[in-house]
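Protein sequences, first through last, are from chains A and B.
Quick note on numbering: this note's numbering labels position 29 of the first sequence as 17, and the sequence is numbered without any gaps.
Position in the second sequence (from 1) plus 4 gives the number in this note's numbering.
Glycine residues also receive a C-beta, built at the ideal position from the N, C-alpha and C atoms.
So the structure is just underneath, and the comments pick up after that.
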Amino acid sequence: AQSVTQLGSHVSVSEGALVLLRCNYSSSVPPYLFWYVQYPNQGLQLLLKYTSAATLVKGINDFEAEFKKSETSFHLTKPSAHMSDAAEYFCAVRPFYQKVTFGTGTKLQVIP
Amino acid sequence: DTGVSQDPRHKITKRGQNVTFRCDPISEHNRLYWYRQTLGQGPEFLTYFQNEAQLEKSRLLSDRFSAERPKGSFSTLEIQRTEQGDSAMYLCASSFVASDEQFFGPGTRLTVL
């Protein structure tokens, strides 16, 4: 069975600072990996996805994530935080032909 | 608007009442998913349809829950004899059959008093 662990339920960064949100996964088969963002009282929006092509994946709003098989990680980064990035971020894993499993989420606070 | 829509956005009900939620997916999408999200948790899979066929149900989906997608378009999720533990955000998502990307609706927040 697959699972996702997001380290840190809350992360605070200063505006303009690097954003790093951590995600580790376990999967018995090669997975597809996703990062979603959720703003208050809204559904989830896909930021980026890894589907076994390039290991460094670029997404919307300057977010990117790197798939590291040896570390079973898929951390999300952004070089410079913006106030509008404040939201909850979910990492998700989907082994081939199986259903998606989401992590418990990380709330990002951006301090002006 | 061509996104996924859900109705109602909020529902407050008393314990023991039945509730029904509706999801309208993106029109070209064959697959439709239902998830439940409680406070501090990520979405948990409940069930999914491919066209009108319900292909998988989670063990989270007790006998009090039923979902339909009668014509392969919109879907309904009904909860009978609601319990306080059913209070959650119910999310709907849709996708193409072969696509990995699911598009989510805004959710229906259920509060059971």
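Applying the 10 Å Cβ sphere with the 16-neighbour rule, what's the burial state of residue i?
i	result
H(-2)/A	exposed
Q26/A	buried
T43/A	exposed
L64/A	buried
K37/A	buried
F107/B	buried
T6/B	exposed
L6/A	exposed
A41/A	exposed
E76/A	buried
S66/B	exposed
Are the beta-carbon atoms of residue i and residue j separated by less than 9 Å?
i	j	result
R73/B	E87/B	no
E56/B	K75/B	yes
A71/B	T42/B	no
G111/B	T92/A	no
N12/A	T(-7)/A	yes
Compare the C-alpha of residue i against each of the options and name the closest.
i	options	result
R10/A	F62/A, G31/A, Q97/A	F62/A
R13/B	S99/B, K75/B, Y94/B	Y94/B
P19/A	Q97/A, C79/A, L(-5)/A	C79/A
S77/B	F100/B, A92/B, R63/B	F100/B
Excluding the five sequence neighbours on either side, which residues of its own chain have a C-beta within less than 6 Å of the C-beta of residue i, listed in chain order?
i	result
R85/B	G20, R68
P29/B	V8, L36, S98
T24/B	T80, E82
P47/B	Y39, Q41, L95
S68/A	G4
G47/A	L35, L36
Leaving out five residues on either side along the sequence, give the residues of the same chain with a beta carbon under 7 Å from the beta carbon of residue i.
i	result
D90/B	I83, L114, V116
Can you grab the Cα-Cα spacing for the pair residue i / residue j, in whole Å?
i	j	result
V88/A	L34/A	13 Å
M71/A	E3/A	6 Å
K95/A	A74/A	8 Å
K66/A	D50/A	6 Å
L32/A	F22/A	11 Å
F55/A	S(-9)/A	16 Å
P83/A	F90/A	12 Å
L64/B	Q86/A	17 Å
Y24/A	D104/B	13 Å
If you measure from the CB of residue i, is any heavy atom of the ligand MG nearer than 8 Å?
i	result
F69/B	Among the ligands in the structure shown, none appear at all, so the ligand MG cannot be discussed.
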